[in-house]
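Residue 2 is where the sequence shown starts when you use my numbering, and the numbers rise one by one after that. A virtual CB, placed ideally from N, CA and C, is assigned to each residue, including glycine.
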Amino acid sequence: MPPKAAAAAPADDVEEEVEDVVAPKDLDDKSLKAFFSFFKTLSDEPHIIRFFDRKGYFSVHGTAAPQIARQFYRTTAVVRGADSGLPYVNVNRAMFETILRELLLGGTAHVVELYEQAGTGWKLARSATPGRLAAFDEELYRSGDMSDVVAVVAALAFSAAEGQVTAGLAYVDPSSARLGACELLLGGGGGGGAQEALGGLEAALVQLGAREVLINKDSLAALDAGCRSRLSALLEGLGVMVTERPAAPLFGLKHLEADLAKVIKGGAVEQHGDVLERRTACSALAGLLAYAELMADGSSSGSGGGGGSSSGGRYSLSLFNAGSYMRLDATAQRALNVLPSRQDANATFSLYGLLNRCRTAMGKRRLKTWLKQPLVDLAAISARHDAVEALAADTELRQRLRDQHFRGLPDVERLARKLASRRIGLAELHALYRASSRLPLVEEALRCHEGPHAAALVDKYAEALAAAHDGEHLQRYEELLEAALDGDRLPDEYCIAPGYLVIETRKDGTKFTHKPLREAAERLNAASGQYGAVQAELVQQVVSVAATFVEVWEEVGALLGELDVLLAFAEAACVAPTPYVRPEMLGPDAGVIELVGCRHPCVEVQEGVAFVPNDCLLRRGPLQPAAEAGEGEGEKGEGEGEGEGEEAGGGGGGSWFQIITGPNMGGKSTYIRQVGVCVLLAQVGCFVPCTAARIAVRDSIFCRVGAGDSQARGVSTFMAEMLETAAILRGATSHSLVIIDELGRGTSTYDGFGLAWAISEHLAGPGCGAPCLFATHFHELTELRADVGVQNMQAAAVIDPATHKLTMLYAIRPGACDQSFGVHVADSAGFPPQVIAMANERLKQLEAAQARVRGPAAKRRRTAEGAVGTAPAEAEAVEAEQAEEAEEAGQDVEQLKAFLRRFAQLPLAGRPAGEAAAAVRALLAELPPHLQRQAQAAAAGGLGGAAVAAC
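Okay, here's the thing in structure tokens:
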């Protein structure tokens with residue numbers, strides 16, 4: 002993914018920046034030659050961007066210099082030294098931080114390295130990747146862009162034994178101090194079993210939100226070439242950075258248990274036998290520990306009265322179970338607009354942007370994680386719904402928490418991480434002190450709530466906060482800070498309290514003009530140095546004691562983040578154009594998804610949109626005969642037919658597989674996506690944009706929406722569509738939800754329809770039985786029948802009889818529609834009149850030919866049940882015309898049947914091609930002209946295909 006052009010400097014500032022840059026002219030010829038020699042020793046890899054600290058500005062050299070100039074300055078005028086063979090560009094500190102944010106947070110696969118001078122040479126001081134951001138923590142956090150970034154690194158290793166290939170997956174989430182690992186069976190390393198397992202791997206990486214994947218390069222030999230190619234395509238589709246390393250020494254298991262004892266809480270490695278017995282997962286975990294530099298992170302939290310561990314570190318280790326969450330692959334995530342993208346015009350285009358009303362950085366990160374990990378456990382979902390219901394009902398509590406107690410809270414999780422690594426200052430310790438002082442206020446507000454879920458709120462949040470802020474924990478932390486900091490100088494200056502050593506001096510320095518003053522300056526400098534040394538030593542002592550409270554702060558950060566997300570859910574439900582409602586959640590075998598007055602939450606909040614709600618009823622079971630009858634008979638005009646159609650489609654029959662037809666731009670895509678979004682929101686723990694909802698828990702959502710190719714990978718639009726569909730066919734079950742929009746349109750009509758029909762039969766068949774919303778323009782697909790219950794739905798519209806203009810109603814109604822009205826849409830798009838006229842003429846010819854061969858039963862009426870309403874007189878004329886066409890079509894069918902019987906009796910075997918062709922031509926000549934082509938095509942598909950082709 003290329004970096005955003007928007008990150009570049011404004012064009013008006015380019016000339017000023019060009020004048021301000023400072024060439025590395027401080028270096029003499031000897032130093033310059035030494036630098037050139039050093040630079041040539043560095044690897045020339047385009048994804049590595051190296052900065053050199055020049056004490057006040059930074060320089061970028063080599064091939065990266067023009068790249069940085071074009072991307073961020075939009076000109077190569079800032080590039081210097083091209084004649085020397087080593088071009089360079091200089092950047093100031095503000096631009097340096099802008100470039101850092103774009104390279105590390107912008108979805109690109111770059112490594113950023115910063116070099117500093119060491120004597121006469123240079124040394125690597127800091128290095129970062131999209132998954133390892135700690136080295137540039139200060140620069141990235143300064144603008145607030147990183148507040149919702151969850152920098153998760155995953156590692157993969159593979160092994161083969163007895164024909165079975167196993168994938169080991171490990172991950173680390175520094176923000177929440179979590180380590181995890183698991184194994185996935187890939188079968189024989191190729192074929193359908195491996196593809197299905199790779200789909201599970203993709204779902205796990207999406208759930209974890211991995212930004213970088215470390216791979217044991219040597220272990221890839223366990224996969225066949227096809228599986229390696231699919232793995233590469235999978236990782237590319239996820240947009241993660243891939244880093245390959247050899248097996249030795251990163252992935253060795255020799256020191257794994259000793260290393261784990263240093264980083265996990267308590268150091269009790271023997272308690273994690275479920276992880277250690279999985280050797281391939283352990284190999285990935287060993288590589289991850291070394292690559293993420295957890296051993297050098299100062300993870301041990303020390304010991305003391307704060308409740309810190311006496312041994313071990315701050316991370317928790319667990320066996321990761323992807324089945325604990327809904328499976329949501331990258332395709333479904335994009336189709337449902339779960340997370341923001343660069344193409345979004347505003348924040349509310351994505352679910353994250355719509356729901357992100359969090360007041361804290363912890364809440365923003367937790368929200369992003371929850372959206373990637375929807376729950377499947379009914380009790381856990383219900384607990385979140387209870388909390389949201391309590392907060393939504395109590396406006397005073399919600400506003401008090403959001404506007405008073407949570408506003409301005411620091412990033413507790415980040416500060417706890419810095420405290421654990423001892424890289425924290427007095428100002429940040431005081432920020433934690435301020436956060437601690439608010440905990441009793443949050444606890445008091447929660448205890449004041451009165452409602453059916455008051456006890457649950459108190460038990461889960463108020464009691465936990467009270468335990469963290471008792472006399473043995475954060476109250477002691479507050480006492481430490483009150484005793485250590487000089488409160489009289491806060492917040493202007495953070496320093497140790499008086500009593501140790503106090504020296505006053507001017508910040509801008511002093512000029513001396515004679516010997517006594519110079520001597521005084523020397524004494525002042527000596528005293529200042531002594532003060533600085535004592536101050537640093539005392540600060541380190543304070544930090545060491547404060548670090549014993551790391552574990553408490555991590556628990557508090559998690560609690561505040563979770564409560565912040567629930568407050569955001571409640572706020573979003575209350576301030577929506579129409580308030581959201583709590584869904585009734587059912588078990589996965591309930592076989593019903595019922596959404597009344599369902600809306601798309603992102604679309605309804607856009608400016609100028611008057612959203613039309615629609616009902617959706619997915620119920621497993623065969624469609625009742627009454628509904629079938631209603632589908633064909635409820636045609637009394639637009640207003641009257643609507644009621645009959647609703648009754649027919651909404652009865653006790655099955656509607657587990659819905660086929661949605663109707664005009665282009667009629668709202669079909671929005672309708673099927675909003676159903677998926679509502680199911681997702683319900684299982685995340687949020688209320689849903691409906692007037693009522695009953696939802697059976699889904700273990701996965703699969704989507705095939707939109708069209709797009711990948712020229713870099715050599716994948717056409719149709720191939721991309723087939724790859725996404727293949728993932729659905731492999732993974733969908735009766736507990737899934739499948740959403741398909743426009744399948745099979747990237748190839749010929751007959752190929753596409755054949756694929757669409759076969760895919761539909763598979764999904765609705767006994768082997769799968771998945772609930773499905775299938776929007777299509779293959780109107781023949783409406784003839785599908787299955788035991789789970791197939792129902793035809795349509796996007797309603799009206800044609801004005803005077804102007805022949807099409808008006809979309811955006812209402813989804815029972816019944817099938819046999820037209821897509823693409824010509825009407827093209828007319829409204831401003832096509833030239835002559836083009837529209839030609840299209841209409843050709844459309845009439847094609848429809849007339851099709852009507853003659855399909856038979857009377859296949860012709861759909863276009864009145865109340867169809868997508869288009871007309872005036873009564875015109876409707877009668879249409880019915881008369883259809884009756885006449887039906888009679889003609891019946892005669893045509895009989896003639897074609899007679900032709901095929903006579904054709905099958907022709908003695909073509911062994912006859913010369915010329916004679917066979919002449920016999921077939923004679924037989925064709927007996928048919929009416931409009932049937933000869935259809936008869937030839939039908940005969941070509943049966944006997945004597947070669948002879949017919951010769952005709």
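Taking 7 angstroms as the cut-off, decide whether the C-beta atoms of residue i and residue j are in contact.
{"i": "tyrosine 434", "j": "leucine 482", "result": "yes"}
{"i": "glutamine 684", "j": "leucine 376", "result": "yes"}
{"i": "leucine 215", "j": "glycine 288", "result": "yes"}
{"i": "tryptophan 657", "j": "leucine 682", "result": "no"}
{"i": "alanine 569", "j": "leucine 356", "result": "yes"}
{"i": "threonine 662", "j": "glutamine 835", "result": "no"}
{"i": "alanine 178", "j": "glutamate 520", "result": "no"}
{"i": "histidine 450", "j": "leucine 458", "result": "yes"}
{"i": "alanine 262", "j": "valine 154", "result": "no"}
{"i": "valine 544", "j": "arginine 423", "result": "yes"}
{"i": "glycine 732", "j": "glycine 745", "result": "no"}
{"i": "glutamine 68", "j": "glutamine 208", "result": "no"}
{"i": "proline 584", "j": "glutamate 605", "result": "no"}
{"i": "leucine 567", "j": "alanine 388", "result": "yes"}
{"i": "glutamate 258", "j": "threonine 130", "result": "no"}
{"i": "leucine 101", "j": "phenylalanine 137", "result": "yes"}
Using the rule of at least 16 other Cβ atoms within 10 Å of the residue's Cβ for burial, across every protein chain shown, is residue i buried or exposed?
{"i": "glutamate 1", "result": "The first residue shown for the chain is 2 and the last is 952, placing residue 1 beyond what the model contains."}
{"i": "glutamate 473", "result": "exposed"}
{"i": "tyrosine 326", "result": "buried"}
{"i": "proline 517", "result": "exposed"}
{"i": "threonine 396", "result": "exposed"}
{"i": "alanine 222", "result": "exposed"}
{"i": "glycine 790", "result": "buried"}
{"i": "valine 824", "result": "buried"}
{"i": "glutamate 99", "result": "A small fix is needed here, since residue 99 is threonine in this sequence, not glutamate. Label assigned to threonine 99: buried."}
{"i": "serine 304", "result": "In this prediction, serine 304 has a pLDDT of 41, which is less than 50 and means its spatial position is unreliable; what the coordinates show is noted afterwards. Answer is exposed; the Cβ neighbour count stays below 16."}
{"i": "asparagine 347", "result": "exposed"}
{"i": "serine 437", "result": "buried"}
{"i": "asparagine 217", "result": "buried"}
{"i": "alanine 119", "result": "exposed"}
{"i": "phenylalanine 37", "result": "exposed"}
{"i": "lysine 56", "result": "exposed"}
{"i": "leucine 954", "result": "Residue 954 is absent from the structure shown; the chain starts at 2 and stops at 952."}
So residue i packs on residue j, CB below 8 angstroms; how close in whole Å?
{"i": "leucine 187", "j": "threonine 167", "result": "7 angstroms"}
{"i": "alanine 200", "j": "alanine 787", "result": "Looking at the sequence shown, residue 200 is not alanine but glycine. Not really, about 24 angstroms apart at Cβ, beyond 8 angstroms."}
{"i": "leucine 337", "j": "arginine 674", "result": "6 angstroms"}
{"i": "threonine 748", "j": "phenylalanine 719", "result": "5 angstroms"}
{"i": "leucine 372", "j": "leucine 340", "result": "7 angstroms"}
{"i": "aspartate 54", "j": "leucine 115", "result": "6 angstroms"}
{"i": "alanine 421", "j": "alanine 548", "result": "6 angstroms"}
{"i": "alanine 156", "j": "alanine 323", "result": "16 angstroms between Cβ atoms; not a contact."}
{"i": "aspartate 149", "j": "lysine 461", "result": "Their Cβ separation, rounded to whole angstroms, is 24 angstroms, which puts aspartate 149 and lysine 461 out of contact at 8 angstroms."}
{"i": "cysteine 769", "j": "threonine 734", "result": "7 angstroms"}
{"i": "tyrosine 478", "j": "phenylalanine 407", "result": "About 20 angstroms separates the two Cβ atoms, so there is no contact after all."}
{"i": "arginine 902", "j": "leucine 924", "result": "Rounded, the Cβ-Cβ distance is 11 angstroms, inconsistent with contact."}
Starting from residue i, follow the beta strand (DSSP E) in both directions and report where the run begins and ends.
{"i": "glutamate 595", "result": "593-599"}
{"i": "isoleucine 382", "result": "Premise fails: isoleucine 382 lies in the alpha helix (DSSP H), 379-394, not in any beta strand (DSSP E)."}
{"i": "glycine 562", "result": "Glycine 562 -> not in any beta strand (DSSP E); alpha helix (DSSP H) instead, spanning 551-576."}
{"i": "valine 154", "result": "153-162"}
{"i": "serine 230", "result": "Here serine 230 belongs to no beta strand (DSSP E); instead the alpha helix (DSSP H) covers 226-239."}
Going by DSSP, what residue range makes up the alpha helix (DSSP H) through residue i?
{"i": "valine 150", "result": "Taken as a continuous stretch (DSSP letters only), valine 150 belongs to no alpha helix (DSSP H), as it is neither H nor E."}
{"i": "isoleucine 760", "result": "750-765"}
{"i": "serine 325", "result": "Unbroken run through serine 325: none, as it is neither H nor E."}
{"i": "leucine 928", "result": "Careful: leucine 928 lies outside any alpha helix (DSSP H) and carries neither H nor E."}
Under 8 angstroms, with one C-beta from each stretch per pair, do the stretch 676-696 and the stretch 590-601 reach the 3-pair mark? yes
Would you check if the stretch 84-96 and the stretch 55-72 touch, i.e. whether three or more CB-CB distances between them fall below 8 angstroms? yes
Any contact of the stretch 46-54 with the stretch 103-118, i.e. 3+ C-beta pairs under 8 angstroms? yes
Is it the case that the stretch 249-264 contacts the stretch 279-295, given that we only count it when at least three CB pairs across the two stretches are under 8 angstroms? yes
Do the stretch 602-617 and the stretch 803-821 meet, that is, are 3 or more Cβ pairs less than 8 angstroms apart? yes
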